[in-house]
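S.K.: This is the structure I want to talk about, given as C-alpha cells.
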Amino acid sequence: MLLAGGTGLLCQPEPRESPAREAVWDAHFAKLPTLTGRLPDRPDAALAMPVAGVRVRQVADTWRAARGAGLLHAGQDVFAPRGTVVRSATAGLVWMTGSSVRGGTWVYVLGAGGRLYYYAHLGAVARGLREGQAVTPATVLGTVGTTGDAEGTPPHLHFAVFERYGPGSPCRFPALNPLPLLRDRS
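Heads up: the sequence shown begins at 11 in this note's numbering, then just goes up one per residue.
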C-alpha cells in the first residue's frame with residue numbers, strides 16, 4: 011500500500027494492512043511502466059477542479075499542515091456537501107480503486123508524465139468505474155464523503171498529486187502541492 015508522509019508516497023503497508031492486500035499493491039506497481047507508456051510524457055501544467063461546484067479560491071491551503079503520528083498533509087482537502095460529484099482532474103487511466111484505513115474509499119488515476127492523482131475519503135466510487143479505464147476531466151470518479159480517517163470531519167475530498175516514480179526507485183513518488191495546479195471548471 012502507499013503510505014503518505016510529508017514528502018510523498020512510499021511503497022509500504024498502511025497500519026493493519028494484510029499481506030494479501032500488500033500482494034495486490036505489488037501487482038499494481040508492476041503494471042505502472044506499461045500503463046505509463048500509454049500516456050503522454052509531459053504531465054499536465056493545469057488540472058480541473060475535481061469537486062463539482064467548488065471554486066479554487068474556496069480551498070484553504072492545507073499543504074504540509076501537521077497531522078498525527080508525525081505526518082504532514084501531502085495534499086489538499088476540498089470541502090463540499092456529502093454526495094457532491096468528484097470528477098477526474100486530468101485525462102489518464104484508472105490505476106486502482108479500493109479502500110484503506112487512512113484514505114477510506116479512494117481512486118488513483120495515472121496521468122500524463124506518470125503522475126498519480128489520489129482521490130480519497132470518497133462516499134462512493136462511481137458505478138461502473140474500473141481499473142484500466144480511460145478517463146477525461148469529464149469522467150465522474152465518485153462522490154465526496156467521510157470515509158477512512160475522515161470519519162467525524164466535515165465531508166471532503168482529499169486530493170493529492172504524486173510525481174512520477176524514478177528509475178531505480180519505483181516506490182518513491184514525491185508529493186506535489188495540487189493547489190497551484192488547479193483551475194476552475196467553466
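A virtual CB, placed ideally from N, CA and C, is assigned to each residue, including glycine.
Fair warning: this is a prediction, and the values are worked out from it, not measured in the lab.
Mapping DSSP to helix, strand and coil, what is Leu192?
M.R.: Position 182 of the sequence shown, counted from the first residue, corresponds to residue 192. Strand at Leu192.
S.K.: Locate the beta strand (DSSP E) running through Leu120, then write down its first and last residues.
M.R.: The count along the sequence shown starts at 1 and reaches residue 120 at position 110. 114 to 121 is the span of the beta strand (DSSP E), which, as asked, contains Leu120.
S.K.: In the DSSP assignment, what residue or residues form a beta bridge with Arg97?
M.R.: Here the question's residue 97 lines up with position 87 in the sequence shown. Arg97 is bridged by DSSP to Val150.
S.K.: Name the residue from Gly124, Pro147, Ser196, Leu151 whose alpha carbon lies nearest to the alpha carbon of Ala136.
M.R.: Within the sequence shown, residue 136 is the residue found at index 126, counting from 1. Ala136 has its Cα closest to that of Leu151, out of Gly124, Pro147, Ser196, Leu151.
S.K.: I believe Leu120 touches Leu49 by the beta-carbon criterion, under 8 Å. Please report the beta-carbon distance rounded to the nearest angstrom.
M.R.: In the sequence shown, the residue the question calls residue 120 occupies position 110. In the sequence shown, the residue the question calls residue 49 occupies position 39. Rounded to whole angstroms, the Cβ separation of Leu120 and Leu49 is 7 Å, and the two are in contact under 8 Å.
S.K.: Following the continuous alpha helix (DSSP H) through Asp36, name the residue where it begins and the one where it ends.
M.R.: For the purposes of this step, residue 36 is taken as the residue at position 26 of the sequence shown. Here the alpha helix (DSSP H) through Asp36 covers 29 to 46.
S.K.: Is Gly16 helix, strand or coil by DSSP?
M.R.: The residue labelled residue 16 in the question sits at position 6 within the sequence shown. Below a pLDDT of 50, predicted positions are generally treated as unreliable, and Gly16, at 46, falls in that range; the measurement from the model is reported next regardless. Gly16: coil per DSSP, three-state reduction.
S.K.: Below 8 Å on the Cβ atoms is my contact criterion, and I expect Leu103 with Val145 to pass it. Report the Cβ-Cβ distance as a whole number of Å.
M.R.: By 1-based counting over the sequence shown, the position of residue 103 is 93. By 1-based counting over the sequence shown, the position of residue 145 is 135. Yes, they are in contact, since the Cβ atoms of Leu103 and Val145 sit about 7 Å apart, within 8 Å.
S.K.: One question on the structure: do Val61 and Leu167 come within less than 9 Å of each other, judged by their Cβ atoms?
M.R.: Residue mapping note: residue 61 aligns to position 51 of the sequence shown, counting from 1. Residue mapping note: residue 167 aligns to position 157 of the sequence shown, counting from 1. The answer is yes: Cβ separation under 9 Å.
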